[in-house]
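Contents: one structure, followed by commentary.
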Amino acid sequence: MNSTRDTDGHGTHTSSTAAGNFVEGASYFGYAPGTASGVAPRAHVAMYKALWDEGASTSDIIAAIDQAIIDEVDVLSISLGLDGVPLYEDPIALASFAAVEKNIFVSTSAGNEGPFSGSLHNGIPWVLTVAAGTVDREFDGVLTLGNGVSVTGLSLYPGNYTETQVPIVFLDACLSKQLNTVGPKIVVCEDRNSSLGEQYDNLSKANITGGIFITNFTDLEFLIRSKFPAIFVNPKDGETIKDFIKSSTNPEASMEFQKTNLGIETAPSLTSYSSRGPSPSCPFVMKPDIMAPGSLILAAWPQDIEVIRINSKPLFSNFNIISGTSMSCPHAAGVAALLRKAHPDWSLQLSGRP
Numbered sequence: 001m002n003s004t005r006d007t008d009g010h011g012t013h014t015s016s017t018a019a020g021n022f023v024e025g026a027s028y029f030g031y032a033p034g035t036a037s038g039v040a041p042r043a044h045v046a047m048y049k050a051l052w053d054e055g056a057s058t059s060d061i062i063a064a065i066d067q068a069i070i071d072e073v074d075v076l077s078i079s080l081g082l083d084g085v086p087l088y089e090d091p092i093a094l095a096s097f098a099a100v101e102k103n104i105f106v107s108t109s110a111g112n113e114g115p116f117s118g119s120l121h122n123g124i125p126w127v128l129t130v131a132a133g134t135v136d137r138e139f140d141g142v143l144t145l146g147n148g149v150s151v152t153g154l155s156l157y158p159g160n161y162t163e164t165q166v167p168i169v170f171l172d173a174c175l176s177k178q179l180n181t182v183g184p185k186i187v188v189c190e191d192r193n194s195s196l197g198e199q200y201d202n203l204s205k206a207n208i209t210g211g212i213f214i215t216n217f218t219d220l221e222f223l224i225r226s227k228f229p230a231i232f233v234n235p236k237d238g239e240t241i242k243d244f245i246k247s248s249t250n251p252e253a254s255m256e257f258q259k260t261n262l263g264i265e266t267a268p269s270l271t272s273y274s275s276r277g278p279s280p281s282c283p284f285v286m287k288p289d290i291m292a293p294g295s296l297i298l299a300a301w302p303q304d305i306e307v308i309r310i311n312s313k314p315l316f317s318n319f320n321i322i323s324g325t326s327m328s329c330p331h332a333a334g335v336a337a338l339l340r341k342a343h344p345d346w347s348l349q350l351s352g353r354p
């Protein structure tokens with residue numbers, strides 16, 4: 001039976017980003033610890049379910065927005081979009097036009113099909129189209145070599161890990177046949193020919209202790225949500241690891257996770273996956289309109305929806321860290337809610353000539 005409850009987690013995450021209340025002790029298995037809140041934590045949230053287990057339908061999307069109009073909401077946050085649909089056939093464009101006529105501010109997501117031009121969703125002239133930007137923090141793991149040298153790299157591995165020294169080996173390409181007889185060791189791979197995805201898949205299926213991936217690929221935020229102990233390091237730190245392995249008779253190392261480092265990234269910058277304009281549906285309107293935080297965002301998550309599976313065991317949490325323009329859209333909606341409260345006499349400016 002279809003339920004109006006969130007059965008996916010996406011809606012809980014986005015709505016709490018816009019207007020979640022203050023929660024102390026929030027984190028994703030130790031990552032991003034602290035007090036969490038949405039952009040407009042004192043705002044009231046009205047949620048309308050438009051997507052169901054069977055998928056999306058035009059009538060459900062329009063019905064959800066129409067009900068929001070009837071309920072006289074102040075701001076609409078719409079973290080979904082359709083590919084290449086003309087405005088006169090796009091349910092979001094049609095229904096949001098009715099919302100704007102009622103002076104309702106509409107924030108939408110730009111899509112996650114970047115960095116290719118013309119990949120934009122929601123190129124609708126009368127809504128705010130929001131791109132995804134980075135934030136100035138990293139989630140890391142630490143590899144400590146047997147000689148005491150520590151190397152820090154990106155990781156969001158959420159599982160428990162025993163910080164003991166185990167053998168470490170460099171296998172370069174990390175082919176499947178190389179991993180058959182490795183056993184409980186930390187395996188180091190080097191991404192030479194854009195083979196990072198294949199290497200990750202090979203290690204995820206192998207009976208190893210952990211993996212270190214040497215790569216100069218920077219768009220790692222989806223890969224670092226690893227289902228096994230894994231750390232992604234840059235080529236310079238990779239040379240330090242390889243030199244240690246080559247110079248040691250019995251090289252060993254340990255791994256440590258759940259590290260959050262602030263202020264070490266230049267931010268904000270546009271994420272590579274954020275869709276670029278022009279919009280196929282309205283190419284003569286410059287879009288997206290604005291960029292908001294969308295990279296590795298911590299927000300609320302349903303307690304009964306698993307966030308990840310480790311060794312076939314589902315893990316659950318009140319919070320999750322995910323990325324996308326779905327996350328940037330409610331940030332902008334939250335700001336709009338604050339402006340509406342501060343300036344209730346303001347109306348929408350639609351002429352493009354402020």
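By full-length UniProt numbering, the letter at position 332 of the sequence shown is numbered 332, and the numbering carries on one by one without gaps. Backbone N, C-alpha and C define an ideal beta-carbon position, used for all residues, glycine too. Every value quoted in this text rests on a predicted model; they were computed, and no experiment measured them.
Looking at the unbroken beta strand (DSSP E) that takes in residue i, where does it start and where does it end?
{"i": "N320", "result": "319-322"}
{"i": "N202", "result": "Run containing N202: none in the beta strand (DSSP E); it sits in the alpha helix (DSSP H), 196-205."}
{"i": "A36", "result": "31-36"}
{"i": "Q258", "result": "252-262"}
{"i": "D107", "result": "According to the sequence as given, residue 107 is Ser; it is not Asp. That run of the beta strand (DSSP E) goes 105-109."}
{"i": "G25", "result": "23-28"}
{"i": "I78", "result": "75-78"}
{"i": "L154", "result": "150-154"}
Please list, in chain order, all residues of the same chain as residue i whose beta carbon is under 6 Å from its beta carbon, the five residues on each side excluded.
{"i": "I297", "result": "M327"}
{"i": "S117", "result": "R276"}
{"i": "T129", "result": "T108, A110, N122, K287, P288, D289"}
{"i": "P145", "result": "The displayed chain sequence assigns Leu, not Pro, to residue 145. If we look at L145 and ignore the five residues flanking it on each side, its Cβ neighbours are F244, A253."}
{"i": "S77", "result": "A18, S107, C329, P330, A333"}
{"i": "K102", "result": "I69"}
{"i": "K49", "result": "T4"}
{"i": "A40", "result": "A19, G334, A337, L338"}
{"i": "I62", "result": "P91, A95"}
{"i": "I322", "result": "none"}
{"i": "G9", "result": "W301, P302, I305"}
Is residue i near residue j, with beta carbons less than 8 Å apart?
{"i": "I92", "j": "I69", "result": "no"}
{"i": "M255", "j": "E138", "result": "no"}
{"i": "F170", "j": "L196", "result": "no"}
{"i": "I214", "j": "G238", "result": "yes"}
{"i": "N202", "j": "L220", "result": "no"}
{"i": "G38", "j": "G263", "result": "no"}
{"i": "residue 357", "j": "S204", "result": "Since the first residue shown for the chain is 1 and the last is 354, residue 357 is missing from the structure and cannot be characterised."}
{"i": "V127", "j": "S79", "result": "no"}
{"i": "K259", "j": "G141", "result": "yes"}
{"i": "E306", "j": "F319", "result": "no"}
{"i": "E198", "j": "D172", "result": "no"}
{"i": "P251", "j": "P167", "result": "yes"}
{"i": "S16", "j": "A299", "result": "yes"}
Assuming residue i and residue j are in contact, meaning their beta carbons sit under 8 Å apart, how far apart are those beta carbons, in whole angstroms?
{"i": "I245", "j": "I212", "result": "Not confirmed; about 10 Å, so no contact."}
{"i": "F232", "j": "I224", "result": "6 Å"}
{"i": "D6", "j": "T12", "result": "5 Å"}
{"i": "A337", "j": "D74", "result": "6 Å"}
{"i": "P86", "j": "S312", "result": "Actually they do not touch by this definition, with Cβ atoms about 45 Å apart."}
{"i": "P229", "j": "T209", "result": "7 Å"}
Looking only at its own chain, which residues have a Cβ that is under 8 Å from the Cβ of residue i, when we skip the five neighbours before and after it?
{"i": "G133", "result": "A267, P268, S269, L270, T271, S274, M291, A292, P293, G294, S295, S328"}
{"i": "L339", "result": "W346"}
{"i": "F284", "result": "P278"}
{"i": "H44", "result": "A19"}
{"i": "Y53", "result": "Looking at the sequence shown, residue 53 is not Tyr but Asp. Closer than 8 Å at Cβ, skipping near neighbours: N2, T7."}
Which residues does DSSP list as the beta-bridge partners of residue i?
{"i": "I65", "result": "DSSP lists no partner for I65."}
{"i": "K313", "result": "I310"}
{"i": "I186", "result": "I168, G210"}
{"i": "P293", "result": "G133"}
{"i": "G81", "result": "Beta-bridge pairing links G81 to no other residue."}
{"i": "E138", "result": "N261"}
{"i": "T215", "result": "T215 is not bridged to any residue."}
{"i": "A230", "result": "G211"}
{"i": "L145", "result": "A253"}
{"i": "L120", "result": "L120 is not bridged to any residue."}
{"i": "L270", "result": "G133"}
{"i": "L128", "result": "S107"}
Output the boundary residues of the alpha helix (DSSP H) element that contains residue i.
{"i": "E239", "result": "235-247"}
{"i": "residue 407", "result": "Only positions 1 to 354 of the chain appear in the structure, and residue 407 is not among them; the question remains open."}
{"i": "G11", "result": "10-19"}
{"i": "S57", "result": "No alpha helix (DSSP H) contains S57, which DSSP labels as neither H nor E."}
{"i": "G334", "result": "325-342"}
{"i": "V100", "result": "91-101"}
{"i": "Q178", "result": "176-179"}
So, for residue i: in the same chain, excluding its five sequence neighbours on each side, which residues have a beta-carbon less than 7 Å away from its beta-carbon?
{"i": "S119", "result": "G111, E113, S275, R276"}
{"i": "S248", "result": "G146"}
{"i": "T58", "result": "P91"}
Say yes only if the C-beta of residue i is nearer than 7 Å to one or more non-hydrogen atoms of the ligand MN, and no if none qualify.
{"i": "H44", "result": "Among the components modelled here there is no ligand, and therefore nothing to report on the ligand MN."}
Compare the C-beta of residue i with all C-beta atoms of chain C and state if any pair is closer than 8 Å.
{"i": "T162", "result": "This model lacks chain C altogether, as it is built from one protein chain only."}
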